[in-house]
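S.K.: Here it is, the structure, as structure tokens.
In full-length UniProt numbering, the protein residues as written are 1 to 960.
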């Protein structure tokens, strides 16, 4: 009927207007296309009467819609915005949805899917109205929620709802909490309703709302942190005599475990349930708990409650549980698909996994270690945010008893070098713990306990609060009970014993893991190594320093050793990079930072401003290593086997030696450099200089007696004395006692000379190896600067990188290096010899770290066009015996003509022959020897840079 009437209209005035349009064949295809598109998107397509002309029937449907509705254009209909909702209209809509929600909830059956969907829809509409109201100045809906106590019904609906309903209830509660006008969080009725909802839904933990659930807990904790007055609505202490909850009446062990008071502070325990989770859930839970602990500093009741609660027990037990998930046996290896190039060119092979052992590169191990370390960092954050001494000490006591005494130390004690990796595992775990933590209190607790240092906290002069004193008394009683059970303690076998024993292991994995731990302790916690890892000798304040002449001669010795290893190329660029790296090491050392600050005139009062946690640094004194130190002897023994060691062992070994000389309180004389007390000078030079200066002094005195002493004459006389002292200081001494480290390096250079006689093409192969590394370096630089898209790098744990290929990119890469934008200062007042042009070309070990840890050199080594393959097959197949000096005296090759190596080493000056060396068990490939020669050369360069920067930065030299 409608279209019949329309036809009548068209037959009159409408038809006459339509007939004036272009002919229908001009737009027939478009009309058909429009009709087809409309038919696929419209449910009800009207049928045109058959009596109408064909071209009218094929008109676009958009035309008929405009004609029937009488509107202007289609776009005006589509873009037409609904009229704005006024606050009263919004409130009416909110009330309707609220009433519908209540009716549906009362009449719904439990677990009815359709009812749950309706409940979810109503709650979602309510929340959208509340969110929309935030943009306006009106708060009618919020006032309605406040007056009608909407949250009570929401809590009850959510407790029995489906995951979808729970998620919408969480969103609604979050909106109410974010409202700052009504202060819902300050109402006890609101907190009780929300807690009942949170407790019930925590038992239905579901992935669909777990994230929103923990974010809601975090929001409450954040509000408590910002407004401590609302804490009273969430934390209340209730007496419960029936449960025997009086803390004072408990025994020592019960006091140590603490009281579980979930009804007093439910929010606290709800957060604890999620602190060990990974990702955002764990982050929100841990941060929320940190906020609550921080709030305890302003609430004496909450502080006392935390001390007496089982918070510390739960946190320490959780840390122990995560540590127990780590593998008891560990094999440190590297991805076989893309190993570091330095491993490709050595005798590296993946270690076989013993029964029960796990690879350090496996995904499971990395996940477990990352989870453990993230929880450990949470411990550190708690101590950092906690301003309560009692809470902090309670946490540390439980950390010591439940983690150190019951887990970490027993695993250290039970580790063995014979079961396929338990020593490697525990040494690695201790290292990553010390490398991760920074808080001085927890670091002091770990190292003091594992190294059996005396407990200084008991001898503190400051009185402890009453509750802390009671807690300490309970801890002492608990320790006495432990000792009565005949459990071993660090007094009998500690971390130092394990380290010294493991350095003598036949397993390169164990030795390398031990050296990495030593490097971490020396670099980050050097004060704890004094009288534990190291036997030291105090150096008097008036001890003689090295002279400028001795320094100059020592630098010449380092550069000559570099040239004896390889005479190919120029090492100026490599030496410059080492100078920058060493400067960063020295400036970032914890001991050096305080010394450099005090030497600056702008920090004259810094000594009094040192924080209490730097007490260990306050107690430091200038020292040097005792000649019979067991650690030094082990390091020298490992240096003697340098060419047969694995590359990883040598890289970590050289890092330990550098770390030993990095501390500003450690004097390198006697073990690395020549002792000034052993200097010998030519007597004839002394007598000649003395006579000359005596004659000048006599003439000056006679002139002063005749003409009087003027200011100018006094100044000239003072300058002459300075020149005399400087000339004496520039004399180059003769040396008699070579330090053990330097003597071992000279022995290695002697071995290289012997290998040159056995392998005539050794220098050629070494040059090819350097060119191969240089080619890889340039290729990596080109790939890093290429505009082509790079593959997405894998996500790795930064702490795990410390046991990955990153440690194999530089000889000293166990350290965290440096600010390369700074240059070492030249304020020593003297010139230091620089590498000559006959030295090797560049830092062949300074390969830039590949993108994302993926090295193109692995594929490059497999390519037949690669420079690697030019000599790879021959060098990996040629095997040579391990050589060591067969006599007590070391031999060096004859010096070049016109030069002398007098006093540089004990022994004869005859060139070594094969009879001077003995072949020991085992052999290695020529490729392995070449790589270790490169490592040795870079190490000697780094030592030279270290000596030079120390002289400039710490004033190790004397000029008189």
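Virtual Cβ for every residue (Gly too), placed ideally from N, Cα, C.
(1) Hey, out of 561, 104, 116 and 134, whose CA is closest to residue 90's CA?
(2) In angstroms with no decimal places, state the Cα-to-Cα distance between residue 644 and residue 936.
(3) Can you grab the Cα-Cα spacing for the pair residue 776 / residue 755, in whole Å?
(4) When DSSP labels each residue in this structure, what does residue 623 get in the three-state scheme?
(5) Please look up how many angstroms separate the CB atoms of residue 348 and residue 749, rounded, as I've assumed it's under 8 Å.
(6) Which residue from 589, 765, 770 and 731 puts its Cα closest to that of residue 953?
(7) Give the C-beta separation of residue 944 and residue 555 to the nearest angstrom, bearing in mind that I take them to be a contact with Cβ-Cβ under 8 Å.
(8) What are the uninterrupted segments assigned as alpha helix (DSSP H) that are 4 or more residues long and contained completely in the stretch 177-205, given in chain order?
(9) What three-state label does DSSP hand residue 759 in the structure shown?
(10) Which first and last residues belong to the beta strand (DSSP E) in which residue 961 is found?
(11) Determine, using beta-carbon pairs with one atom in the stretch 393-411 and one in the stretch 430-450, whether at least three such pairs fall under 8 Å.
(12) Among residues of its own chain, excluding the 5 on either side of residue 582, which ones have a beta-carbon nearer than 6 Å to its beta-carbon?
(13) With DSSP run on the structure shown, which of helix, strand or coil describes residue 538?
(14) Can you tell me whether residue 309 is helix, strand or coil according to DSSP?
(15) So residue 331 is in the beta strand (DSSP E); what residue range does that whole segment cover?
(16) Identify which residue in 506, 500 and 450 has its Cα closest to the Cα of residue 490.
(17) When the Cα atoms are used, what is the spatial distance from residue 137 to residue 87?
(18) Evaluate residue 99 with the Cβ neighbour count: other Cβ atoms within 10 Å of its Cβ, from every protein chain shown; 16 or more gives buried, anything less gives exposed.
(19) Bridge partners for residue 878 per DSSP, in chain order?
(20) Do the CB positions of residue 356 and residue 313 come within less than 9 Å of each other?
(21) Apart from the five residues on each side of it in sequence, which residues of its chain come closer than 7 Å, Cβ to Cβ, to residue 626?
(22) If you count every other CB in all the chains shown that lies within 10 Å of the CB of residue 674, and 16 or more means buried, which is it?
(23) Is residue 143 buried or exposed, if buried means 16 or more other CB atoms sit within 10 Å of its CB?
(24) Would you mind stating whether residue 202 and residue 932 have Cβ atoms separated by less than 9 Å?
(25) So what does DSSP say about residue 326, is it helix, strand or coil?
(26) Going by the DSSP bridge assignment, what does residue 530 pair with across the sheet?
(27) Inspect the beta-carbon positions of residue 171 and residue 124 and report whether they are closer than 9 Å.
(28) Touching or not, the stretch 353-370 and the stretch 298-315, by the rule of three or more beta carbon pairs under 8 Å?
(29) Going by the CB atoms, is the gap between residue 359 and residue 331 shorter than 9 Å?
(30) Can you tell me the Cα-Cα spacing of residue 362 and residue 630, whole angstroms?
(31) Specify the secondary structure class of residue 246 as computed by DSSP and reduced to three states.
(32) DSSP beta-bridge partners for residue 680?
(33) Would you mind listing the alpha helix (DSSP H) stretches within the stretch 79-162 that are 4+ residues and don't spill past its ends, in chain order?
(34) What does the alpha-carbon distance come out to for the pair residue 744 and residue 334?
(35) Using the Cα positions of residue 95 and residue 102, report the straight-line distance between them to the nearest angstrom.
(36) Note down, in chain order, each residue of its chain lying with its Cβ closer than 8 Å to the Cβ of residue 163, except the 5 sequence neighbours on either side.
M.R.: Taking the coordinates as given:
(1) One-based indexing of the chain shown puts residue 90 at position 90. Out of 561, 104, 116 and 134, 134 has the C-alpha closest to the C-alpha of residue 90.
(2) Translated into positions along the chain shown, residue 644 becomes position 644. Translated into positions along the chain shown, residue 936 becomes position 936. Taking the straight line from one Cα to the other gives about 12 Å.
(3) Numbered from its first residue, the chain shown carries residue 776 at position 776. Numbered from its first residue, the chain shown carries residue 755 at position 755. Rounded to whole angstroms, residue 776 to residue 755 spans 27 Å at the Cα level.
(4) One-based indexing of the chain shown puts residue 623 at position 623. DSSP places residue 623 in strand when its eight states are reduced to three.
(5) Reading the chain shown from its first residue, position 348 is the one you call residue 348. Reading the chain shown from its first residue, position 749 is the one you call residue 749. Actually they are not in contact, since the Cβ atoms of residue 348 and residue 749 sit about 25 Å apart, beyond 8 Å.
(6) For this step, residue 953 is matched to residue 953 along the chain shown. The closest CA to that of residue 953, considering only 589, 765, 770 and 731, is found on 589.
(7) Here residue 944 corresponds to residue number 944 of the chain shown, with the count starting at 1. Here residue 555 corresponds to residue number 555 of the chain shown, with the count starting at 1. Residue 944 to residue 555, Cβ: 6 Å. Contact.
(8) 188-202
(9) The sequence position of residue 759 within the chain shown is 759, counting from 1. Here residue 759 sits in coil by DSSP.
(10) The structure shown does not extend to residue 961, since the chain is modelled only from 1 through 960, so no value can be given for it.
(11) yes
(12) Along the chain shown, one-based indexing puts residue 582 at 582. Counting only Cβ-Cβ distances below 6 Å, and skipping sequence neighbours, we find 945, 946 and 949.
(13) By 1-based counting over the chain shown, the position of residue 538 is 538. Strand, per DSSP.
(14) What you label residue 309 is simply residue 309 of the chain shown in a count that begins at 1. The DSSP-derived three-state label of residue 309 is strand.
(15) Counting from 1 along the chain shown, the entry for residue 331 is found at position 331. Counting along the chain, the beta strand (DSSP E) containing residue 331 begins and ends at 329-331.
(16) Translated into positions along the chain shown, residue 490 becomes position 490. If we check each option's Cα against that of residue 490, 450 comes out closest.
(17) Residue mapping note: residue 137 aligns to position 137 of the chain shown, counting from 1. Residue mapping note: residue 87 aligns to position 87 of the chain shown, counting from 1. If you take the alpha carbons of residue 137 and residue 87, they lie about 9 Å apart.
(18) As a position in the chain shown, residue 99 is number 99, starting the count at 1. Its Cβ having fewer than 16 others within 10 Å, residue 99 is exposed.
(19) Here residue 878 corresponds to residue number 878 of the chain shown, with the count starting at 1. For residue 878, DSSP assigns no beta-bridge partner whatsoever.
(20) Start at 1 with the first residue of the chain shown, and residue 356 comes out as number 356. Start at 1 with the first residue of the chain shown, and residue 313 comes out as number 313. Not in contact: residue 356 and residue 313 (Cβ atoms no closer than 9 Å).
(21) Residue 626 sits at position 626 when you count from the first residue of the chain shown. 535, 536 and 537.
(22) Counting from 1 along the chain shown, the entry for residue 674 is found at position 674. With 16 or more other Cβ atoms within 10 Å, it is buried.
(23) To locate residue 143, count along the chain shown from 1; it is residue 143. With fewer than 16 other Cβ atoms within 10 Å, it is exposed.
(24) The residue given as residue 202 occupies position 202 in the chain shown. The residue given as residue 932 occupies position 932 in the chain shown. Against a cut-off of 9 Å, the Cβ pair of residue 932 and residue 202 comes out as no contact.
(25) Position 326 of the chain shown holds residue 326. Correct three-state label for residue 326: coil.
(26) Position 530 of the chain shown holds residue 530. DSSP lists 534 as partners of residue 530.
(27) Against the chain shown, residue 171 aligns to sequence position 171. Against the chain shown, residue 124 aligns to sequence position 124. Cβ atoms of residue 171 and residue 124: closer than 9 Å.
(28) no
(29) The residue you call residue 331 lines up with position 331 of the chain shown. The residue you call residue 359 lines up with position 359 of the chain shown. In this structure, residue 359 lies closer than 9 Å to residue 331 by Cβ.
(30) Taking the chain shown and counting its residues from 1, the one referred to as residue 362 is at position 362. Taking the chain shown and counting its residues from 1, the one referred to as residue 630 is at position 630. Their backbone Cα atoms lie some 35 Å apart in a straight line.
(31) By one-based count along the chain shown, residue 246 stands at place 246. DSSP places residue 246 in coil when its eight states are reduced to three.
(32) Counting from one through the chain shown, the residue named residue 680 turns up at place 680. BP columns for residue 680 point to 734.
(33) 87-107, 113-134, 140-148 and 150-159
(34) If you number the chain shown from 1, residue 744 lands on position 744. If you number the chain shown from 1, residue 334 lands on position 334. Using only the alpha carbons, I get a separation of about 30 Å.
(35) For this step, residue 95 is matched to residue 95 along the chain shown. For this step, residue 102 is matched to residue 102 along the chain shown. Computed Cα separation, rounded: 11 Å.
(36) The sequence position of residue 163 within the chain shown is 163, counting from 1. Setting aside the 5 residues that flank it on each side, residue 163 is surrounded in the same chain by 204, 206, 208 and 209, each with a C-beta closer than 8 Å to its C-beta; the list follows chain order.
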